[in-house]
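What follows is a short report on a single structure.
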Amino acid sequence: MTSAPSDVGDGGALTYIGQDEIIAIRGDKEDDLWKYSISGDSWETLEPAPDTIGEGGAVTFPEDDYIFVMRGDNSTDFWRYLAAPPKYDITAQAGATKLTARILLDRPQAEVLWWDFQ
């Protein structure tokens, strides 16, 4: 199993967001957020938190599109993040030619996750 990208300290926490993914906050008075793929055994660095997360930091995913993070560290800061950007499967066919693609909409970018051209 692949280790976390950096040391995790006070305020570090995990939440399962479904679809084979876990969100992690580093804590340790750092602003790191990561996403872990269970099947891929790999980490992705997400946009940093607005401020550092320390002792008492927490993260939860209440079964919608967002995660919620408490900053901890004797603060009242509370943040919301889009945990799972929308993904769309598209199939187009013209005669015998068929194109299937999965598009990820993540902030101002659109990323083609995979495509199959037959």
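Numbering (the working numbering), first residue to last: 7 to 124. Backbone N, C-alpha and C define an ideal beta-carbon position, used for all residues, glycine too. Predicted model, so just to flag it, every value in this text is computed and none were measured.
Tell me the residue span of the beta strand (DSSP E) that contains Gln24.
According to the sequence shown, residue 24 is Gly rather than Gln. Residues Ala19 to Gly24.
What's the gap between the Cα of Leu145 and the Cα of Leu105?
An answer regarding residue 145 cannot be provided, because it is not within the stretch 7 to 124 covered by the chain.
For Glu27, the first and last residue of its enclosing beta strand (DSSP E):
Glu27 to Ile31
How about Pro54 and Trp85: are their beta carbons less than 8 angstroms apart?
no
So for Arg77, helix, strand or coil by DSSP?
coil
Starting from Ser43, follow the beta strand (DSSP E) in both directions and report where the run begins and ends.
Leu39 to Ser43
Do you know whose CA, among Asp37, Tyr42, Ser43 and Thr97, lies nearest Met76's CA?
Asp37
Alpha carbons only, please: which of Asp34, Thr8 and Ala98 is nearest the one belonging to Ser137?
The structure shown does not extend to residue 137, since the chain is modelled only from 7 to 124, so the question has no answer here.
How would you label Ala19, buried or exposed, when you count the other beta carbons within 10 angstroms and need 16 or more for buried?
buried
Could you work out which residue in Thr66, Trp49, Lys35 and Ser48 is closest to Tyr22 when comparing CA atoms only?
Thr66
CB-CB under 7 angstroms to Leu52, same chain, minus the five flanking residues each way: which ones, in chain order?
Leu39, Trp40 and Lys41
Whole angstroms are fine: how far does the CA of Gln25 sit from the CA of Asp79?
31 angstroms
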